[in-house]
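Notes follow the structure.
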Ligand SMILES: Nc1ncnc2c1ncn2[C@@H]1O[C@H](COP(=O)(O)OP(=O)(O)OP(=O)(O)O)[C@@H](O)[C@H]1O
Ligand SMILES: [Mg+2]
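In the working numbering, the protein residues as written are 922 to 1177.
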């Protein structure tokens, strides 16, 4: 994805360290996300990718380090201020995390409906306009998450994340478990969201084709820290053993 990158920093992580009961999961994590930039985070299962994302959104607190969102350090920020900052973020979790008791359209518009005081009718129209780009049929809007497939739930979660055009998008494995056609629909949507809204995205993924389509920059989490970073092009040509090993294990056909 080729674009000019505006150099305003929207997320900056410095010296992040996170452990659970003495077991270090992440240490010395430093990176910046710029406005208009799409960053992919890759790494083996259990390497700490989701933990990193949960630290960024304040669901977990790092042992050390700072996480600045639009220049405000969210670590130890009072709850109300943190929630205000997070209003600017669209997030999907690895395991969906939809509200079971709300219909799909209510899930999609959850944040925006209250904020913009939308009527039910207008909120439904908004939800409809979003799912059209996700290969979902309108009739599922009035069903509950438990009444649709896992792949559809995943797309409802993505619709919820992008609803209201948040400036920062964070996706944890948005295409895993989806067929390739739907996966590339999601990729296109991430590209569009970053390009047209002038936003920025962090996407955790195992799918190297997806990385090449969506990312300006790639970070490999390995051995508790950033083991490698560069562009997708550099990644494919890299002689770095960690990168080669990771790509070979996930997408063997990409390395020739
Ligand atoms: N709340 C928690 N309490 C204790 N340990 C945790 C907690 N959350 C994550 N971990 C541990 O942190 C490590 C990293 O987990 P994480 O979910 O970030 O991996 P991941 O890179 O996202 O893997 P995957 O690709 O399988 O999703 C794992 O060893 C996990 O068991
Ligand atoms: Mg994960």
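Just so it is clear, CB atoms sit at the ideal spot from N, CA and C, and this is done for glycine as well.
Any idea if residue i is buried or exposed, counting beta-carbon neighbours within 10 angstroms, 16 or more meaning buried?
i	result
residue 999	exposed
residue 1251	Since the first residue shown for the chain is 922 and the last is 1177, residue 1251 is missing from the structure and cannot be characterised.
residue 1021	exposed
residue 963	buried
residue 1131	buried
residue 1100	exposed
residue 968	buried
residue 1167	buried
residue 1160	exposed
residue 1066	buried
residue 1083	buried
residue 1102	exposed
residue 1113	exposed
residue 1085	buried
Residue i by DSSP, collapsed to three states: which one?
i	result
residue 971	helix
residue 1170	helix
residue 925	Low local confidence applies: a pLDDT of 48 at residue 925 is under 50, so the model's placement there is unreliable, and no value is given.
residue 995	coil
residue 1050	helix
residue 936	strand
residue 1069	coil
residue 1136	coil
residue 942	coil
residue 987	strand
residue 951	strand
residue 962	strand
residue 1141	strand
residue 1162	helix
residue 1150	strand
residue 930	strand
residue 978	coil
residue 1031	helix
residue 1010	strand
residue 1037	coil
residue 1044	helix
residue 1064	coil
residue 1155	helix
Starting from the C-beta of residue i, find all residues in its chain whose C-beta is less than 7 Å away, skip the five residues before and the five after it, and write them out in chain order.
i	result
residue 1163	1141, 1143, 1148 and 1149
residue 1045	1026 and 1062
residue 940	946 and 984
residue 1010	978, 1087, 1089 and 1091
residue 1129	1168, 1171, 1172 and 1175
Using C-beta distances below 8 Å, list every residue in its chain close to residue i, excluding the 5 sequence neighbours before and after it, in chain order.
i	result
residue 1094	1015, 1125, 1126 and 1127
residue 986	934, 935, 936, 937, 938, 950 and 996
residue 1098	1071, 1072 and 1075
residue 1064	1024 and 1025
residue 982	976, 996 and 997
residue 1006	990, 991, 993, 995 and 998
residue 1110	1054, 1055, 1079 and 1083
residue 1069	1025, 1061 and 1077
Can you find the residues in the same chain that come closer than 6 Å, C-beta to C-beta, to residue i, ignoring five residues on each side of it along the sequence?
i	result
residue 1040	none
residue 1003	979 and 995
residue 1133	1153
residue 1052	1080
Of all residues in the structure, which have a C-beta closer than 5 Å to any heavy atom of ligand 1, taken in chain order? 941, 946, 966, 967, 968, 969, 970, 971 and 972
Hey, which unbroken runs of the alpha helix (DSSP H) at 4 residues or more fall wholly within the segment 1072-1126? 1101-1117
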